[in-house]
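Quick notes on the structure that follows.
There are 2 protein chains.
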Amino acid sequence: MAGLARHLLAEYYGCIPSILDDQGALERILVGAADAARTTVVRVELHKFAPQGVSGVVILAESHIAIHTWPEHGFASVELYVCGLECEPEAGDAYLREHLEPTHVETRLLTRGCLEKARAYPPRVEPAAGVS
Amino acid sequence: MAGLARHLLAEYYGCIPSILDDQGALERILVGAADAARTTVVRVELHKFAPQGVSGVVILAESHIAIHTWPEHGFASVELYVCGLECEPEAGDAYLREHLEPTHVETRLLTRGCLEKARAYPPRVEPAAGVS
Numbered sequence: 001m002a003g004l005a006r007h008l009l010a011e012y013y014g015c016i017p018s019i020l021d022d023q024g025a026l027e028r029i030l031v032g033a034a035d036a037a038r039t040t041v042v043r044v045e046l047h048k049f050a051p052q053g054v055s056g057v058v059i060l061a062e063s064h065i066a067i068h069t070w071p072e073h074g075f076a077s078v079e080l081y082v083c084g085l086e087c088e089p090e091a092g093d094a095y096l097r098e099h100l101e102p103t104h105v106e107t108r109l110l111t112r113g114c115l116e117k118a119r120a121y122p123p124r125v126e127p128a129a130g131v132s
Numbered sequence: 001m002a003g004l005a006r007h008l009l010a011e012y013y014g015c016i017p018s019i020l021d022d023q024g025a026l027e028r029i030l031v032g033a034a035d036a037a038r039t040t041v042v043r044v045e046l047h048k049f050a051p052q053g054v055s056g057v058v059i060l061a062e063s064h065i066a067i068h069t070w071p072e073h074g075f076a077s078v079e080l081y082v083c084g085l086e087c088e089p090e091a092g093d094a095y096l097r098e099h100l101e102p103t104h105v106e107t108r109l110l111t112r113g114c115l116e117k118a119r120a121y122p123p124r125v126e127p128a129a130g131v132s
């Protein structure tokens, strides 16, 4: 089944809490992961929550990377969503493991968008303007 | 299994191409979906690609919503990632269906982050500064 994109979901347990609460460090790590995954960064947006935790999103030319952290649990949830065949989300995951240093990791690799289904359910014809 | 977050993945086939290529319309639809899902918008970032397609991310107080569109296929891939029990990602999905008007939809609801595993693999103790 040919897919339009690959979506790698990763759960990182047992991380060091201070890294998971450090917006600057997480920004550098996300950009490094984007490079490792052979993707092109368009924009990086992070937001630090009170009392703790960070959400970060990297918009890529090939889709996005997102992270949400729970420093109190030493847990980070990550996804790498890429639509280019040349991208390597697994390499991005490897980079993240190296820098977040989890003691336990779980990943899932999903296919997003099916070309056969896109053909079976084609784009809808737009209503003609001005026709009542 | 108690989760830290819910991650609703949706594939919308058979949409009207011009909506999927309209950055302004998609921004309004994403913000509407965030409201419908009872989440709080922190920041909205969209990026339009040449020759077509849009990537959009809404950073929420409760995590994020992301969309990637393929107007040429009439296809949009969406995810609603929420970490609050009061959030209703299904209502966000319903809002998106209403406004993107797909002829075929597939959704998956995943649990992200497991509290039992976070306890089994607790946060790592940080190395003491200055100790060699």
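These protein sequence lines map, in sequence, to chains C and A.
For the first sequence, position 74 matches number 74 in this note's numbering, and the numbering has no gaps at all.
For the second sequence, position 114 matches number 114 in this note's numbering, and the numbering has no gaps at all.
Ideal Cβ placement from N, Cα and C applies to all residues, glycine included.
Using a cut-off of 8 Å between C-beta atoms, extract the partners of residue i located in chain C.
i: G113(A); result: E11, W70, H73, F75, S77
i: E45(A); result: R43, E45, V57, I59
i: A5(A); result: H68, S77
i: A118(A); result: Y13, W70, H73, G74, F75
Check the Cβ-Cβ distances between residue i and every residue of chain A, and say whether any is below 8 Å.
i: L30(C); result: no
i: P122(C); result: yes
i: L96(C); result: no
i: V41(C); result: no
i: H99(C); result: no
i: L8(C); result: no
i: L26(C); result: no
Is residue i near the ligand GTP - that is, is its Cβ less than 7 Å away from at least one heavy atom of it?
i: A66(A); result: Looking at this structure, you won't find the ligand GTP or any other ligand, since it has none at all.
For residue i, decide whether its Cβ has a neighbour in chain C, counting only Cβ atoms nearer than 8 Å.
i: C83(A); result: yes
i: C15(A); result: yes
Roughly how many angstroms separate the alpha carbons of residue i and residue j, rounded to a whole number?
i: C87(C); j: R6(C); result: 9 Å
i: R28(C); j: L20(C); result: 12 Å
i: H64(A); j: V82(A); result: 7 Å
i: F75(C); j: Y12(C); result: 6 Å
i: E45(C); j: A2(C); result: 31 Å
i: E116(C); j: V58(A); result: 29 Å
i: E126(A); j: E101(C); result: 12 Å
i: A10(A); j: H99(C); result: 31 Å
i: R43(C); j: A50(C); result: 23 Å
i: G113(A); j: H73(A); result: 33 Å
i: L109(C); j: L4(C); result: 13 Å
i: L30(C); j: L85(A); result: 27 Å
i: H68(A); j: I16(C); result: 32 Å
i: P123(C); j: D93(C); result: 34 Å
i: Q52(A); j: T111(C); result: 21 Å
i: V105(C); j: P71(C); result: 16 Å
i: P89(A); j: A36(C); result: 32 Å
i: S77(C); j: R97(C); result: 12 Å
Assuming residue i and residue j make a contact with CB atoms under 8 Å, what is their CB distance in whole Å?
i: L8(A); j: E62(A); result: Contact doesn't hold; Cβ gap of about 13 Å is too wide.
i: G24(A); j: T103(A); result: Actually they do not touch by this definition, with Cβ atoms about 24 Å apart.
i: Y121(C); j: A33(C); result: Their Cβ separation, rounded to whole angstroms, is 34 Å, which puts Y121(C) and A33(C) out of contact at 8 Å.
i: A66(C); j: A66(A); result: 7 Å
i: V41(A); j: K48(A); result: Wrong, their Cβ atoms sit about 20 Å apart, outside the cutoff.
Residues of chain A with CB under 7 Å from residue i, in chain order?
i: E126(C); result: I16, S18
Could you name the residues of chain A that residue i contacts, counting a contact when the two beta carbons are closer than 9 Å?
i: T103(C); result: Y121, P122, R124
Note down, in chain order, every chain A residue with its Cβ under 8 Å from the Cβ of residue i.
i: L80(C); result: Per Cβ cutoff of 8 Å: no residues; L80(C) is ~12 Å from chain A at best.
How would you list, in chain order, the residues of chain C whose beta-carbon sits under 9 Å from the beta-carbon of residue i?
i: K48(A); result: Ordered by position in chain C, no residue passes the 9 Å Cβ test against K48(A), which lies about 10 Å from the chain.
Checklist line | Complete alpha helix (DSSP H) runs within the segment 28 to 61 of chain A (minimum length 4 residues, chain order) | finding: none
Checklist line | Inside the segment 91 to 120 of chain C only - alpha helix (DSSP H) runs reaching at least 4 residues | finding: DSSP runs (the alpha helix (DSSP H)) wholly in the segment 91 to 120 of chain C: 115 to 120.
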